[in-house]
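Visitor: Protein chains in written order, with our numbering: chain B, 44 to 315; chain L, 3 to 236. From the three backbone atoms N, C-alpha and C, an ideal C-beta is built for every residue, glycine too. Submitted below is the structure of interest, expressed as structure tokens.
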Amino acid sequence: MNGFWKQTVLVLTALILAVGSAHAGKLEAIKSRGKLVAGVKDSQPPFGYVDEQTRQIVGFEIDLCAALAKKLGVDLELKPVTSATRIPMLEQGAIDLIAATMTHKIEREEKIDFSITYFPATQKLLVKKDSGITSVADLAGKKVGSAKGSTSEQNIKKAQPACEVVSFETYPEAFLALKQGKVVAVTTDAPILLGIRNSDDNPDAWAIVGEDIAAEPYGIGLPENDSDFRDFVNISLMELWKSGEYQKIYDKWFGPSTKFPIPLTWTMEIWP
Amino acid sequence: MQYTFNWAIIFSGEYGRWFLDGLATTLEMSGISIVLALVLGTFLTVLRLSRITPLVWFAVSYIEFFRNTPLMVQIFFWYFGSDPILPGFFKAWLYRQNIEFATAIIALSTYTAAFIAEELRSGILSIPKTQLEASRATGLSFLQAMAYVILPQAFRIIIPPLISQFLNLIKNSSLAMTIGVMELTYMARQVEAHTFHGFEAFTVSTLIYLSLSLLVSFLITQYNRRFLRIGSAR
Numbered sequence: 044m045n046g047f048w049k050q051t052v053l054v055l056t057a058l059i060l061a062v063g064s065a066h067a068g069k070l071e072a073i074k075s076r077g078k079l080v081a082g083v084k085d086s087q088p089p090f091g092y093v094d095e096q097t098r099q100i101v102g103f104e105i106d107l108c109a110a111l112a113k114k115l116g117v118d119l120e121l122k123p124v125t126s127a128t129r130i131p132m133l134e135q136g137a138i139d140l141i142a143a144t145m146t147h148k149i150e151r152e153e154k155i156d157f158s159i160t161y162f163p164a165t166q167k168l169l170v171k172k173d174s175g176i177t178s179v180a181d182l183a184g185k186k187v188g189s190a191k192g193s194t195s196e197q198n199i200k201k202a203q204p205a206c207e208v209v210s211f212e213t214y215p216e217a218f219l220a221l222k223q224g225k226v227v228a229v230t231t232d233a234p235i236l237l238g239i240r241n242s243d244d245n246p247d248a249w250a251i252v253g254e255d256i257a258a259e260p261y262g263i264g265l266p267e268n269d270s271d272f273r274d275f276v277n278i279s280l281m282e283l284w285k286s287g288e289y290q291k292i293y294d295k296w297f298g299p300s301t302k303f304p305i306p307l308t309w310t311m312e313i314w315p
Numbered sequence: 003m004q005y006t007f008n009w010a011i012i013f014s015g016e017y018g019r020w021f022l023d024g025l026a027t028t029l030e031m032s033g034i035s036i037v038l039a040l041v042l043g044t045f046l047t048v049l050r051l052s053r054i055t056p057l058v059w060f061a062v063s064y065i066e067f068f069r070n071t072p073l074m075v076q077i078f079f080w081y082f083g084s085d086p087i088l089p090g091f092f093k094a095w096l097y098r099q100n101i102e103f104a105t106a107i108i109a110l111s112t113y114t115a116a117f118i119a120e121e122l123r124s125g126i127l128s129i130p131k132t133q134l135e136a137s138r139a140t141g142l143s144f145l146q147a148m149a150y151v152i153l154p155q156a157f158r159i160i161i162p163p164l165i166s167q168f169l170n171l172i173k174n175s176s177l178a179m180t181i182g183v184m185e186l187t188y189m190a191r192q193v194e195a196h197t198f199h200g201f202e203a204f205t206v207s208t209l210i211y212l213s214l215s216l217l218v219s220f221l222i223t224q225y226n227r228r229f230l231r232i233g234s235a236r
């Protein structure tokens, strides 16, 4: 019995300490832990994906996280997340931040905070080249693939109520369904579509079409109500932009010589 | 932890309807699958006990194959894996239908049939062999003896394990969301994605599954009790 009570007290103390430390700032927690735990995509080239040779998760967002970790002077640990798991994982403290092609939506502000935009995306359609589908209007009565819990899924239902949305766990699965003819289009942010298209054996068989269904500005997801940590991330992003390091990382993943060329045509929000 | 519980949001707006739509899909999918699994499972048992070597071998390999591979893998196989072996013209027609729903039913019923076949076989083996011999002696064929003498008794014996197979099937049907079937768990995740109230959404879906399972097992037990009493009075 004695041993039982001892254990109970120990567990309770540990719990109280854990809850207590959750209230302390994330910045201190990360520094004392010596590592930044980032929630990233692991099947979304070129944002975050497993490199075939090294079996490591690499990508644009991973390099951004690495730059943040370097500024903090800590190691970087990557945890794969999906569109559906990332916000709960951040809320539960399993990850310190989300860099996983996440659109900054007002609706999401209820649960978490966001950094400034680090990538401005728009939602488009990926279709078979000669499918005859050129806009959202052509999707009436057809099946469209998307990923669960994503903004694209919600936007397309609004933009084309007459289409049937089939939602998969990840975009590569949605693309497989497109290849097999189970859906006529996959809809999500254009750079993700480009990533899916260009990682296919025959990219020319697929086309990215349609009007901008929605603006999808990507922000880094941060714990709710932690102003110090948010300031650090925002200011670091701006510093990366001003020092030219952001452009270097961008060029590495989206430059003209890469598999996913997207010209850098926007400017990050810079506070004076 | 700064989580504010909001139960009203689950039933406000369209979210309550989503749960009902999801429940309807779960019921429809499970109902059809249970009937198909029973038919297929009975058929497999008859093959298994037929004493005709190739048929027995077929039934044994089917049962072992489906019982010993994960249902999730089977669902993905039916949905993504079967594509290259389907003929083109048939595929074009098939994929315009509700292929996700149909695939889920195929996967659930073929999987559950293997378990039902095993339950049923043990039920049949528990009926003394002399009954089969006596029925054969009165001039019934093997199939007639099975249909009129052995199976009615066996089904009664295996009702408790059969209930748990039905309940398993209802619970397993939640895996259909991985291929985009909008059943109860899918809808719970939709509500979670829209409201960010995961605790409430999954509590509601848990309670729906729980009451559904309890209701099914209650109804079958009641029916069974009645059925047995009428049976023994005769």
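#1: DSSP three-state label for threonine 310 of chain B, please.
#2: If I measure Cβ to Cβ from alanine 183 of chain B and keep anything under 8 Å in the same chain, skipping five residues before and after, which residues do I get?
#3: Comparing C-alpha positions only, which one of B:Thr146, B:Arg129, B:Arg76 and B:Lys167 sits nearest to alanine 180 of chain B?
#4: Please report the distance separating the alpha-carbon of leucine 164 of chain L from that of glutamate 121 of chain L.
#5: Quick check on isoleucine 101 of chain L - is its C-beta less than 8 Å from some C-beta in chain B?
#6: Spell out whether any CB of chain L is found under 8 Å from the CB atom of leucine 219 of chain B.
#7: Whose CA, out of L:Phe117, L:Gly18 and L:Ile126, lies closest to the CA of isoleucine 36 of chain L?
#8: Three or more C-beta pairs closer than 8 Å, one from the region 130-138 of chain B and one from the region 77-86 of chain B: is that the case here?
#9: Mind reading off the beta-carbon distance from leucine 186 of chain L to serine 207 of chain L? Whole number of angstroms is fine, and I expect it under 8 Å.
#10: Taking only beta-carbon atoms, is proline 215 of chain B less than 8 Å away from chain L?
#11: Where serine 64 of chain B and leucine 216 of chain L are concerned, what is the direct C-alpha to C-alpha distance, given to the nearest angstrom?
#12: Taking 8 Å as the cut-off, decide whether the C-beta atoms of glutamate 312 of chain B and threonine 160 of chain B are in contact.
#13: Within the continuous beta strand (DSSP E) that includes leucine 79 of chain B, where are the two ends?
#14: How would you label tyrosine 241 of chain L, buried or exposed, when you count the other beta carbons within 10 angstroms and need 16 or more for buried?
#15: Between the Cα of valine 48 of chain L and those of L:Thr6, L:Ser84, L:Ala156 and L:Glu30, spot the shortest distance and give me the residue it belongs to.
#16: Kindly list, in the order they appear in chain B, the residues whose Cβ is closer than 8 Å to that of phenylalanine 82 of chain L.
#17: For serine 207 of chain L, which three-state DSSP category applies?
#18: Is glycine 90 of chain L helix, strand or coil when you go by DSSP?
#19: Could you list which residues in chain B have their beta carbon closer than 9 Å to that of threonine 180 of chain L, in chain order?
#20: Thinking just about the alpha-carbon of each residue, which of B:Glu216, B:Ala228 and B:Gln223 is nearest to the one in glycine 182 of chain L?
#21: What separation, rounded to the nearest whole angstrom, lies between the Cα atoms of proline 304 of chain B and serine 174 of chain B?
#22: Compare the C-beta of alanine 203 of chain L against all C-beta atoms of chain B and say whether one is closer than 8 Å.
#23: According to DSSP, what are the bridge partners of tryptophan 249 of chain B?
#24: Below 8 Å between beta carbons: does that hold for glycine 188 of chain B and valine 170 of chain B?
#25: Just reading off the alpha helix (DSSP H) that threonine 6 of chain L is part of, what are its end residues?
#26: Which residues in chain B sit within 9 Å of alanine 94 of chain L, going by Cβ to Cβ distance?
#27: What do you get for cysteine 108 of chain B, buried or exposed, if any count of 16 or more other CB atoms within 10 angstroms of its CB means buried?
#28: May I ask you to check if the CB of proline 162 of chain L is nearer than 7 Å to at least one heavy atom of the ligand MN?
#29: For the alpha helix (DSSP H) containing threonine 114 of chain L, name the first residue and the last one.
#30: At a Cβ cut of 7 Å, what residues of the region 119-133 of chain B count as close to chain L, listed as they run along the chain?
#31: Looking only at its chain, what residues have a beta carbon closer than 7 Å to the beta carbon of threonine 144 of chain B, apart from the 5 residues adjacent to it on each side?
#32: List the residues of chain B whose Cβ lies closer than 7 Å to the Cβ of tyrosine 97 of chain L, in chain order.
#33: Going by Cα to Cα distance, which pick from L:Phe7, L:Phe198, L:Ser213 and L:Val58 is closest to glutamate 153 of chain B?
#34: How about glycine 192 of chain B: is its C-beta nearer than 8 Å to some C-beta of chain L?
#35: As an exercise, report each continuous alpha helix (DSSP H) stretch of at least 4 residues that is fully enclosed by the region 178-237 of chain B, in chain order.
Guide: So, from the data block:
#1: When secondary structure is reduced to three states using DSSP, threonine 310 of chain B falls in the coil class, being assigned neither helix nor strand.
#2: Result list for alanine 183 of chain B: Gln203, Ala205 and Cys206, in chain order.
#3: The residue with the shortest Cα to Cα distance from alanine 180 of chain B is B:Lys167.
#4: Near 7 Å, if we compare the C-alpha coordinates of glutamate 121 of chain L and leucine 164 of chain L.
#5: Yes, because at least one Cβ of chain B sits closer than 8 Å to the Cβ of isoleucine 101 of chain L.
#6: It does: the Cβ of leucine 219 of chain B has a partner Cβ on chain L nearer than 8 Å.
#7: Ranking L:Phe117, L:Gly18 and L:Ile126 by Cα distance to isoleucine 36 of chain L puts L:Phe117 first.
#8: Contact holds: three or more Cβ-Cβ distances are below 8 Å.
#9: Separation of the CB atoms of leucine 186 of chain L and serine 207 of chain L is rounded to 5 Å, and the pair is thereby assigned contact status at 8 Å.
#10: Proline 215 of chain B is outside the set of residues whose beta carbon lies under 8 Å from a beta carbon in chain L.
#11: Since pLDDT at serine 64 of chain B reaches only 49, below the 50 mark, its modelled position is unreliable, and no value is offered.
#12: Pairing glutamate 312 of chain B with threonine 160 of chain B gives a Cβ-Cβ distance under 8 Å.
#13: Going by DSSP, leucine 79 of chain B is part of the beta strand (DSSP E) stretching over 78-83.
#14: Absent from the structure is residue 241 of chain L, since the part of chain L shown begins at 3 and ends at 236.
#15: When each option's Cα is compared against that of valine 48 of chain L, the closest is L:Ala156.
#16: What phenylalanine 82 of chain L touches in chain B: Glu216, Leu219, Ala220 and Gln223.
#17: Serine 207 of chain L falls in the helix class under three-state DSSP.
#18: Assignment of glycine 90 of chain L by DSSP, reduced to helix, strand and coil, places it in the helix class.
#19: Per Cβ cutoff of 9 Å: Phe211, Glu212 and Glu216.
#20: Ranking the options by Cα distance to glycine 182 of chain L, first place goes to B:Glu216.
#21: One C-alpha to the other measures close to 24 Å.
#22: Alanine 203 of chain L does not count as touching chain B.
#23: Bridge partners of tryptophan 249 of chain B: B:Lys171.
#24: No, the Cβ-Cβ distance between glycine 188 of chain B and valine 170 of chain B is not below 8 Å.
#25: In this chain, threonine 6 of chain L is not harboured by any alpha helix (DSSP H), its DSSP state being neither H nor E.
#26: In chain order: Gly224.
#27: So cysteine 108 of chain B ends up on the buried side.
#28: Annotation note on the ligand MN: not contained in the displayed structure, which lists no ligands.
#29: Segment 101-127, the alpha helix (DSSP H) holding threonine 114 of chain L.
#30: Listed by position, the residues of the region 119-133 of chain B near chain L (Cβ gap below 7 Å) are Ala127, Ile130 and Pro131.
#31: So the qualifying residues of the chain are Lys84, Gln87, Phe90, Asp232, Ile235 and Tyr261.
#32: Correct list: Gly224 and Lys225.
#33: Distances from the CA of glutamate 153 of chain B to each of L:Phe7, L:Phe198, L:Ser213 and L:Val58 were compared; the closest alpha carbon is that of L:Phe198.
#34: So, interface residue.
#35: As far as the region 178-237 of chain B is concerned, its whole alpha helix (DSSP H) runs of at least 4 residues are 194-202 and 214-222.
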